[in-house]
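Protein chains: 2
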Amino acid sequence: MTQVEAPHATAKERPGAQVRRRIMDAAMEVFLRDGYVGAKTDEIAAAAGASKQTIYKHFGRKEQLFEEIVLDRLVGIDQIFKAAMTELATADDVETTLRAVAHKFVRALTQPSQLRVRRLVIAEAGRFPKLGRAYFEAGPERVHASLASCFEELARRGLLRIDDSLIAANHFTWLTTSIPVNKVMFCGDDVAFTEAELDHYADSAVRVFLAAYRPD
Amino acid sequence: MTQVEAPHATAKERPGAQVRRRIMDAAMEVFLRDGYVGAKTDEIAAAAGASKQTIYKHFGRKEQLFEEIVLDRLVGIDQIFKAAMTELATADDVETTLRAVAHKFVRALTQPSQLRVRRLVIAEAGRFPKLGRAYFEAGPERVHASLASCFEELARRGLLRIDDSLIAANHFTWLTTSIPVNKVMFCGDDVAFTEAELDHYADSAVRVFLAAYRPD
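Chains as they are written, first to last, in the numbering used here: chain A, 2 to 217; chain G, 2 to 217.
Below, the structure is given as structure tokens:
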């Protein structure tokens with residue numbers, strides 16, 4: 002399975018970046034284990050081998066640290082999609098390319114680390130809608146906007162027939178990922194999928210999508 | 002908007018049922034406000050005007066009370082679906098009937114009380130997968146199983162063309178509900194939808210579904 006982790010490469014680019022990365026990794030583990038309310042800055046500091054003062058200096062309050070590490074997790078997903086979108090917008094064989102995108106997509110979104118963050122954001126979105134909205138904008142909304150402009154381009158080239166490109170983008174992503182993602186959301190983080198299951202979800206999603214959005 | 006609440010009628014059928022109902026309603030409010038871990042039996046007792054002993058007598062431990070009230074919320078949804086399913090299995094005009102089902106479905110699942118329970122179950126499913134699984138089985142899995150047998154019946158009558166009826170059922174429900182449900186999960190409980198938006202989600206879902214699953 003492709004690993005989508007935070008991009009460690011950037012840690013070499015700024016002074017203090019390695020300390021920030023260590024704090025963010027430690028904080029993610031503590032937040033995932035104890036939830037937002039239960040997470041203690043003391044424990045994050047101990048896990049990161051840093052002082053509380055260092056954490057405050059780099060991130061400010063717990064709320065800002067939480068927001069920063071959650072959004073950071075989306076960077077890896079975004080990189081996968083940028084490559085896939087370029088491929089898709091210039092595709093001639095839409096079916097083959099869409100299928101490849103769907104296969105990558107369902108694997109990226111069913112990674113345990115992504116799903117645990119997703120659960121955490123949903124859990125806190127009632128109390129901290131600002132964080133949830135930031136995640137939604139940087140994650141699903143951004144992906145849907147990119148996908149929608151790909152679909153518009155494919156429609157201009159006569160390869161798709163699209164009336165509402167944003168709805169079409171949503172149909173594509175939810176058809177592809179809803180079955181496994183919702184199963185994990187409800188049934189817990191130990192639910193696993195075989196490669197064949199993920200392929201089946203992706204292929205059947207593409208079949209339904211193209212039946213609706215391919216020109217006659 | 003149709004109200005899907007727990008069926009109060011049953012409260013008259015058993016001795017002690019009114020006390021149980023009062024405790025369950027109070028407990029739901031406390032769980033939703035404070036989360037599972039934060040919810041205190043003392044506060045549930047105070048809100049219900051009952052003693053802690055009465056709560057223990059009727060429900061046992063906090064975990065059992067939580068499971069019971071969460072599953073209870075699905076009863077209302079189930080009743081809506083039973084009626085819709087009967088209508089669907091015997092439909093002659095599949096498009097009109099499916100559209101009616103989709104309109105009911107998207108309204109039932111976007112009710113604030115349903116979405117708050119959904120968030121709560123997802124929030125706790127990492128720590129309490131048993132509860133999440135019970136909810137999944139009594140909710141999405143049961144709806145998908147009923148819908149799948151409707152679709153099989155419609156396929157037998159030549160009105161749909163279905164190879165994997167359970168995947169088709171999932172496609173129908175997630176196409177219909179994923180856009181608004183996910184938006185609320187991430188962006189918080191204050192997100193509201195206009196009737197026109199809900200209609201658009203339902204109608205475009207049915208259009209995509211039928212493009213894929215209607216016989217040529």
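Virtual Cβ for every residue (Gly too), placed ideally from N, Cα, C.
- By a beta-carbon distance limit of 8 Å, G/V76 does not contact G/L132. Their separation comes to about 16 Å.
- Taking 8 Å as the threshold, the shortest C-beta distance from A/D217 to chain G does not fall below it.
- By the C-beta density criterion, G/A28 is buried, having at least 16 other C-beta atoms within 10 angstroms.
- Setting aside the 5 residues that flank it on each side, A/L66 is surrounded in the same chain by A28 and F60, each with a C-beta closer than 6 Å to its C-beta; the list follows chain order.
- Taking 8 Å as the CB threshold, A/R74 stays off the interface with chain G.
- Counting only unbroken stretches of 4 or more residues, the alpha helix (DSSP H) elements lying wholly within the region 17-97 of chain G are 18-39, 42-49, 53-60 and 63-90, in sequence order.
- Taking the beta carbon of A/P181 as reference, no residue of chain G falls within 8 Å; the closest one sits roughly 10 Å away.
- Between G/G36 and G/V185, the alpha-carbon positions lie close to 18 Å from each other.
- Residues of chain A with a Cβ closer than 9 Å to the Cβ of G/V118 do not exist; the shortest Cβ-Cβ separation is about 11 Å.
- Within the region 164-189 of chain A, D165, I168, N171, H172, W175, L176, S179, I180, N183, K184, M186, F187, C188 and G189 place their CB atoms closer than 8 Å to a CB of chain G, listed in sequence order.
- The DSSP-derived three-state label of A/D204 is helix.
- Within the region 193-214 of chain A, the residues whose Cβ lies closer than 7 Å to some Cβ of chain G are S205, R208, V209, A212 and A213, listed in chain order.
- By the Cβ rule, the region 167-180 of chain A counts as touching the region 137-151 of chain A, because three or more pairs are nearer than 8 Å.
- One thing to note: A/T42 has its Cβ no nearer than 8 Å to the Cβ of A/I24.
- Nearest CB-CB separation between G/A18 and chain A: not below the 8 Å threshold.
- For A/P113, the secondary structure class from DSSP, reduced to helix, strand or coil, is helix.
- Annotated as distal: A/A203 and A/R62, with beta-carbon spacing of 8 Å or more.
- When DSSP states are grouped into helix, strand and coil, A/P216 belongs to the coil group.
- Going by beta carbons, G/Q115 and G/A109 fall inside the 8 Å limit.
- In the DSSP annotation of this structure, the continuous segment of the alpha helix (DSSP H) that includes A/G133 starts and ends at P130 to F137.
- The C-beta of G/V122 comes closer than 8 Å to at least one C-beta of chain A.
- Interface annotation, G/R162: not in contact with chain A, CB-CB separation never under 8 Å.
- Rounded to whole angstroms, the separation of the alpha carbons of G/D190 and G/A40 is 20 Å.
- Apart from sequence neighbours up to five positions away, the residues of its chain that approach G/L199 with a beta-carbon distance below 8 Å are H104, V107, R108, T111 and P181, ordered along the chain.
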